[in-house]
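Below is one structure, written out as structure tokens; comments come after it.
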Amino acid sequence: MIKKFRRITNLGVFGAFQWDQEVVNANGQPQCFQHINVIYGRNYSGKTTLSRLLRALETQFLSEKFEGREFEIVFDDGSVTTHENFNAYVGKIRVFNEDFVRDNLRFINNPDEAVEPFALIGDDNVAIQEQIEAIEAEIGSNEEGQETGLFAKLKLKRAAKTQATNSHQTAQNTLESQLRTKATAGNESIKYNSDKFGDQNYTISKLRNEIDQVLKEEFDPISDEKIASNEELLKEEVNDDVAALEYPSLSWDQLVTETEELVTKAVAQSDKIEELAAKAVLNRWVKEGRDHHRSKRKTCAFCGNEIQESRWEQLDKHFDEESEKLEEAIDQLLESIANEKVKLEGVFEIDEKTFYSKFRSRLTEIKEAHQEAVAKYSDSLEELAKQLQARKDDIIHSKDFQGQDDHCDLIRAALSDYETLRKEANEYSSSLGEDQATARTELRLKTVHEFAVNVNYSDQKAEIDRLATLQQEASDAASGVEQTISQKKQEIEVKRREMNDEEKGAIKVNEYLNDHFGHSFLTLEAQENQEDELGEISVRFVVMRDGEKAHHLSEGEISLLAFCYFMAKLDDVETRGTNPIIWIDDPISSLDSNHIFFIFSLIQTEIVLENRFEQLFVSTHNLDFLKYLKRLRGSFVNHHQNKQPYECRFFVVERHLRVSKIIVMPEYLREYVTEFNYLFHQIYLCSKIESVTDDNYSIIYNFGNNARKFLEIFLYYKYPHGSRDRSGEIHLESMRKFFEGHSIPTILTTRVSNEYSHLAGSFERGSTPVDASEIQEVARLMVERLRQDRDQYDAFLASIGEQPESEANEQETEAAGSATS
Numbered sequence: 001m002i003k004k005f006r007r008i009t010n011l012g013v014f015g016a017f018q019w020d021q022e023v024v025n026a027n028g029q030p031q032c033f034q035h036i037n038v039i040y041g042r043n044y045s046g047k048t049t050l051s052r053l054l055r056a057l058e059t060q061f062l063s064e065k066f067e068g069r070e071f072e073i074v075f076d077d078g079s080v081t082t083h084e085n086f087n088a089y090v091g092k093i094r095v096f097n098e099d100f101v102r103d104n105l106r107f108i109n110n111p112d113e114a115v116e117p118f119a120l121i122g123d124d125n126v127a128i129q130e131q132i133e134a135i136e137a138e139i140g141s142n143e144e145g146q147e148t149g150l151f152a153k154l155k156l157k158r159a160a161k162t163q164a165t166n167s168h169q170t171a172q173n174t175l176e177s178q179l180r181t182k183a184t185a186g187n188e189s190i191k192y193n194s195d196k197f198g199d200q201n202y203t204i205s206k207l208r209n210e211i212d213q214v215l216k217e218e219f220d221p222i223s224d225e226k227i228a229s230n231e232e233l234l235k236e237e238v239n240d241d242v243a244a245l246e247y248p249s250l251s252w253d254q255l256v257t258e259t260e261e262l263v264t265k266a267v268a269q270s271d272k273i274e275e276l277a278a279k280a281v282l283n284r285w286v287k288e289g290r291d292h293h294r295s296k297r298k299t300c301a302f303c304g305n306e307i308q309e310s311r312w313e314q315l316d317k318h319f320d321e322e323s324e325k326l327e328e329a330i331d332q333l334l335e336s337i338a339n340e341k342v343k344l345e346g347v348f349e350i351d352e353k354t355f356y357s358k359f360r361s362r363l364t365e366i367k368e369a370h371q372e373a374v375a376k377y378s379d380s381l382e383e384l385a386k387q388l389q390a391r392k393d394d395i396i397h398s399k400d401f402q403g404q405d406d407h408c409d410l411i412r413a414a415l416s417d418y419e420t421l422r423k424e425a426n427e428y429s430s431s432l433g434e435d436q437a438t439a440r441t442e443l444r445l446k447t448v449h450e451f452a453v454n455v456n457y458s459d460q461k462a463e464i465d466r467l468a469t470l471q472q473e474a475s476d477a478a479s480g481v482e483q484t485i486s487q488k489k490q491e492i493e494v495k496r497r498e499m500n501d502e503e504k505g506a507i508k509v510n511e512y513l514n515d516h517f518g519h520s521f522l523t524l525e526a527q528e529n530q531e532d533e534l535g536e537i538s539v540r541f542v543v544m545r546d547g548e549k550a551h552h553l554s555e556g557e558i559s560l561l562a563f564c565y566f567m568a569k570l571d572d573v574e575t576r577g578t579n580p581i582i583w584i585d586d587p588i589s590s591l592d593s594n595h596i597f598f599i600f601s602l603i604q605t606e607i608v609l610e611n612r613f614e615q616l617f618v619s620t621h622n623l624d625f626l627k628y629l630k631r632l633r634g635s636f637v638n639h640h641q642n643k644q645p646y647e648c649r650f651f652v653v654e655r656h657l658r659v660s661k662i663i664v665m666p667e668y669l670r671e672y673v674t675e676f677n678y679l680f681h682q683i684y685l686c687s688k689i690e691s692v693t694d695d696n697y698s699i700i701y702n703f704g705n706n707a708r709k710f711l712e713i714f715l716y717y718k719y720p721h722g723s724r725d726r727s728g729e730i731h732l733e734s735m736r737k738f739f740e741g742h743s744i745p746t747i748l749t750t751r752v753s754n755e756y757s758h759l760a761g762s763f764e765r766g767s768t769p770v771d772a773s774e775i776q777e778v779a780r781l782m783v784e785r786l787r788q789d790r791d792q793y794d795a796f797l798a799s800i801g802e803q804p805e806s807e808a809n810e811q812e813t814e815a816a817g818s819a820t821s
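No gaps in the numbering here: position 282 of the sequence shown is 282 in UniProt numbering, and each next residue is one more.
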């Protein structure tokens, strides 16, 4: 059952309706729909809009003209149907409103159209019914916990399917969680470490593809050393170009030539002191002593004897100019050799940071090769220097020159290797990005390979595939049973169609027209059309009057025919036995009082007393019909197999300006449901207005009509003779009698009740605001006059839920007495 319309927004006159705020009792507690619900509201208050909500659930369609419409319908089982999912509602609902009439009685707007046909179960189909019952027995019951037949089998298959699905889903979720963690989740994921692995848009799908790639036999993951070098490479930034090395030129060939020349050069032996010439050390000692004594001493610093001039001449001849020049040449060459060694010191000190990491190992090798070559070169130079020093120490005697290895080629080779490396490093700047991308890919595939091995990806995938196969087999088994049940149900539908009889539908409508309304001259006739493209003969309903197709039906005839059609359709193949939710919206349009009663009796006998509904809604604008609807009574057998009366609840749809709301029906309207009571209530409320507001202005504007109608009824019964004049208006004399001969109240009331209900032939009256103070004064005059008949006035007050003045006076007297005592 429907519990309430929790909210309705932007749907017709319902702007922002909230059930729990509006539909409350005197204590402020929300009131919900019951089994039978009667809704009263004036025309244009929004009753049909509410019926359209239910019809949207029935037809799965709601007009797109309701822009921005939103609603929530709460059911007693806790489920909620909204504007977003109403087209998925599967319950049975049958709605009678103007949309139902327009959709099914299309001839109203187009004389060439007919009435939408429907079929009832035909006669003489016992054998077919037995076949249907046999198929239904085979299908069995689908009642929860008590399944039988195919439904019992289906329950087992579905349980097996659920178990297989859960097992497969669990295995799949486990692997999926591992994949998600590795691919995208957490600080260790590939996506999070895009600087290292190179893909900030990495996904689980990419991980799956790369797992397939790394699990192939031909895949070879990189080594730990390669991992380290790749990680170093990723730290690289584009370096400045490495400048060419400014390396000094080598003088080896020249030094060798000069050394050989000086070492082997002969010195003349004449005038040489034999003893000195024989001993090089002594010769060196004397030479140094000569340098210390020449022009400095006349005596020998060693022995103290005087150095004779002849001895000086003898020494000068021994240490002649040729020897001096040779020694000077040797000293110069020794200095050149020393300089040769010095200029190679530090010349190859290169900062490794100027090279990319991938070149540093080669750079180290080149530096070591250069260092070794320079060391050998220096050794060779040292050997040259030793030979020169030996000749210098024995300047008189020439020596044999000892040739040395030439290591210049080793130095030049190291320099050449360095230059090649330098150029490669400089060229590498342009390809660094590509190499880093390759390094990231290699690192990513390495970690993907490790992941796949660690989680046993292949084994998990095989297990998931196995469980998927079991799930599919279980699903196919359940689907097979479902398909069998569906086929069996289709067989039942085919057999039921064999039993259908559209003519019975027309006859049922005619029964309602005849038996309940006595309209034997207006009937519905089922007529066969020609065969369609499939060779099937269709049936349509045609409205007939006295054997001829009826045209120009009156509003009353349309109302009767439409409602009888709706009632008969409750017995159609799709509805019979389903106990739908029924909503009947204002079915008494243009009907007289007799027909209004017959409509009520049809609802009471055919719907309520026959228990053909789960929940019933009836809305009306007519107070006479409302008077009958409060008599709707019935009972049903509950779950405990006991008779239980239907619960009834009454509501009112009120409209203020352009906005409507639903409220609980006031007690006076439930208990005294006549228009006469209602009209008095409106006059009474108007007399109590102290200031006009948005909440009460409609009472002022409607006062003219309400006062006129009230006085017509009241004065007719008070003065049956001569209460109206020839024009049908209230006779002025009757008004004067009502006001006991007072002219001013009589004239004022007559003017207000006539002018504000008919505009009194003055168009200007309708284009100007009403005089609220004048209307309030008339309302007070009328109430004061009615108060003079105390018994009747108290009865009026009681009928609208107000405390009679006699009771109020008694309570005041008792209160005063209590205070005095």
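We put the CB at the ideal spot given by N, CA and C, even for glycine. None of these values were measured; they are calculated from a predicted model.
Around the C-beta of A526, are 16 or more other C-beta atoms found within 10 angstroms, so that it is buried, or is it exposed?
For the purposes of this step, residue 526 is taken as residue 526 along the sequence shown, with counting starting at 1. Per the 10 Å Cβ criterion, buried.
From A707 to L679, what does the alpha carbon distance come to, in whole angstroms?
For this step, residue 707 is matched to residue 707 along the sequence shown. For this step, residue 679 is matched to residue 679 along the sequence shown. Each residue's alpha carbon lies about 7 Å from the other.
Do R69 and N97 have their C-beta atoms closer together than 8 Å?
Numbered from its first residue, the sequence shown carries residue 69 at position 69. Numbered from its first residue, the sequence shown carries residue 97 at position 97. No; because the gap between Cβ atoms is not below 8 Å, this pair is not in contact.
Check whether the Cβ of N27 sits closer than 7 Å to any heavy atom of the ligand SAM, and report yes or no.
Because no ligand of any kind appears in the structure shown, any question about the ligand SAM cannot be addressed here.
Between F14 and chain D, is the shortest Cβ-Cβ distance under 8 Å, so that the two count as touching?
Considering every chain present, this structure includes no chain D. It has just one protein chain.
State buried or exposed for C300, treating a residue as buried only when at least 16 other CB atoms are found within 10 Å of its CB.
For this step, residue 300 is matched to residue 300 along the sequence shown. Looking at its Cβ environment, which holds fewer than 16 other Cβ atoms inside 10 Å, C300 is exposed.
Could you check where the alpha helix (DSSP H) with F151 kicks off and where it finishes?
Taking the first residue of the sequence shown as position 1, residue 151 is located at position 151. 149-183 is the extent of the alpha helix (DSSP H) around F151.
For the alpha helix (DSSP H) holding N27, just list the boundary residues, first then last.
Residue 27 sits at position 27 when you count from the first residue of the sequence shown. Looking at the DSSP string, N27 is not in any alpha helix (DSSP H), and its letter there is neither H nor E.
Assign S723 to one of three DSSP states: helix, strand, or coil.
For this step, residue 723 is matched to residue 723 along the sequence shown. Low local confidence applies: a pLDDT of 49 at S723 is under 50, so the model's placement there is unreliable, and no value is given.
Once you ignore the five residues that flank Q460 on each side, which residues in its own chain have a CB closer than 6 Å to its CB?
Here residue 460 refers to the residue found at position 460 when the sequence shown is read from its first residue. For Q460, where only same-chain residues beyond five positions count, the Cβ hits under 6 Å are L175.
Would you call the segment 236-251 and the segment 214-227 in contact, with 3 or more CB pairs under 8 Å?
Counting Cβ pairs under 8 Å, fewer than three are found: no touch.
Can you find the residues in the same chain that come closer than 6 Å, C-beta to C-beta, to A16, ignoring five residues on each side of it along the sequence?
By one-based count along the sequence shown, residue 16 stands at place 16. Cβ neighbours of A16 beyond the five flanking positions: T9.
If I measure Cβ to Cβ from I588 and keep anything under 6 Å in the same chain, skipping five residues before and after, which residues do I get?
One-based indexing of the sequence shown puts residue 588 at position 588. Cβ within range, chain order: I596, I599, N622, F625.
Within this structure, are the beta carbons of C32 and K4 separated by less than 8 Å?
The residue you call residue 32 lines up with position 32 of the sequence shown. The residue you call residue 4 lines up with position 4 of the sequence shown. Yes, the pair counts as a contact, with Cβ atoms nearer than the cut-off.
Please list, in chain order, all residues of the same chain as Q18 whose beta carbon is under 6 Å from its beta carbon, the five residues on each side excluded.
Counting from one through the sequence shown, the residue named residue 18 turns up at place 18. Closer than 6 Å at the Cβ level, and outside the excluded window around Q18, lie R7.
Could you give the residue range of the beta strand (DSSP E) that holds Y247?
Residue numbering aside, residue 247 sits at position 247 when the sequence shown is read from its first letter. Premise fails: Y247 is in no beta strand (DSSP E) and is neither H nor E.
Using 8 Å as the Cβ pair cut-off and three pairs as the minimum, do the segment 179-194 and the segment 404-415 touch?
Cβ pair count under 8 Å is below three, so no.
Between F71 and T693, what straight-line distance do the alpha-carbon atoms span, to the nearest angstrom?
Numbered from its first residue, the sequence shown carries residue 71 at position 71. Numbered from its first residue, the sequence shown carries residue 693 at position 693. Whole-angstrom Cα-Cα distance: 30 Å.
Counting along the chain, where does the alpha helix (DSSP H) carrying A795 start and finish?
On the sequence shown, residue 795 is found 795 positions in, with the first residue counted as 1. Here the alpha helix (DSSP H) through A795 covers 790-799.
Okay, do the segment 32-49 and the segment 81-90 touch, 3+ Cβ pairs below 8 Å being the bar?
Touching, no, given that fewer than three Cβ pairs across the two stretches are closer than 8 Å.
Between the C-alpha atoms of P804 and Y793, what's the straight-line distance to the nearest angstrom?
Sequence index remark: in the sequence shown, residue 804 carries index 804 (1-based). Sequence index remark: in the sequence shown, residue 793 carries index 793 (1-based). So the two alpha carbons sit approximately 8 Å from each other.
Does the segment 342-354 come within contact of the segment 217-229, defined as at least 3 CB pairs closer than 8 Å?
Contact fails: fewer than three Cβ-Cβ distances are below 8 Å.
Which residue's Cα is closest to the Cα of E614: D695, V23, A373, N37?
Stepping through the sequence shown from its first residue, residue 614 is reached at position 614. For E614, the nearest C-alpha among the options comes from N37.
Could you check the C-alpha separation between R297 and D400 for me, to the nearest Å?
Sequence index remark: in the sequence shown, residue 297 carries index 297 (1-based). Sequence index remark: in the sequence shown, residue 400 carries index 400 (1-based). In a straight line, the C-alpha of R297 is about 39 Å away from that of D400.
What does the alpha-carbon distance come out to for the pair M665 and F650?
As a working note, residue 665 is residue 665 in the sequence shown. As a working note, residue 650 is residue 650 in the sequence shown. M665 and F650: Cα-Cα distance of roughly 5 Å.
Check whether the Cβ atoms of Q471 and T165 lie closer than 8 Å to each other.
Here the question's residue 471 lines up with position 471 in the sequence shown. Here the question's residue 165 lines up with position 165 in the sequence shown. In this structure, T165 lies closer than 8 Å to Q471 by Cβ.
Which word fits F710, buried or exposed, when buried means at least 16 other C-beta atoms lie within 10 angstroms of its C-beta?
Taking the sequence shown and counting its residues from 1, the one referred to as residue 710 is at position 710. Buried: at least 16 other Cβ atoms inside 10 Å.
Kindly indicate the opening and closing residues of the alpha helix (DSSP H) around S51.
Here residue 51 is taken as the residue at index 51 of the sequence shown, counted from 1. Element bounds for S51: 47-59.
Per DSSP, I584 is paired with what?
Counting from 1 along the sequence shown, the entry for residue 584 is found at position 584. In the DSSP output, where bridge partners are listed per residue, I584 has F96, V618.
Select from Q60, S141, S223, E22 the residue whose C-alpha is nearest the C-alpha of L445.
Taking the sequence shown and counting its residues from 1, the one referred to as residue 445 is at position 445. The residue with the shortest Cα to Cα distance from L445 is S223.
Determine the DSSP secondary structure at A390, reduced to helix, strand or coil.
The count along the sequence shown starts at 1 and reaches residue 390 at position 390. Helix at A390.
Going by DSSP in three states, Q641 sits in which element: helix, strand or coil?
Start at 1 with the first residue of the sequence shown, and residue 641 comes out as number 641. Q641 falls in the coil class under three-state DSSP.
So, at 6 Å on beta carbons, what are the nonlocal neighbours of V95 in its own chain, with the 5 sequence-adjacent residues on each side left out?
As a first step, residue 95 is located in the sequence shown; it is residue number 95 there, counting from the start. Contacts found: S51, L54, R55, E58, W583.
Measure the alpha-carbon distance for P30 versus L632 and round it to whole angstroms.
On the sequence shown, position 30 is the one that residue 30 refers to. On the sequence shown, position 632 is the one that residue 632 refers to. Those two C-alpha atoms are separated by around 23 Å.
Look at the alpha carbon of Y512 and the alpha carbon of A562, and state the distance between them as a whole number of angstroms.
In the sequence shown, the residue the question calls residue 512 occupies position 512. In the sequence shown, the residue the question calls residue 562 occupies position 562. Looking at the two C-alpha atoms, the distance is approximately 11 Å.
Secondary structure at L11, three-state DSSP: helix, strand or coil?
Looking up residue 11 in the sequence shown gives position 11. Here L11 sits in strand by DSSP.
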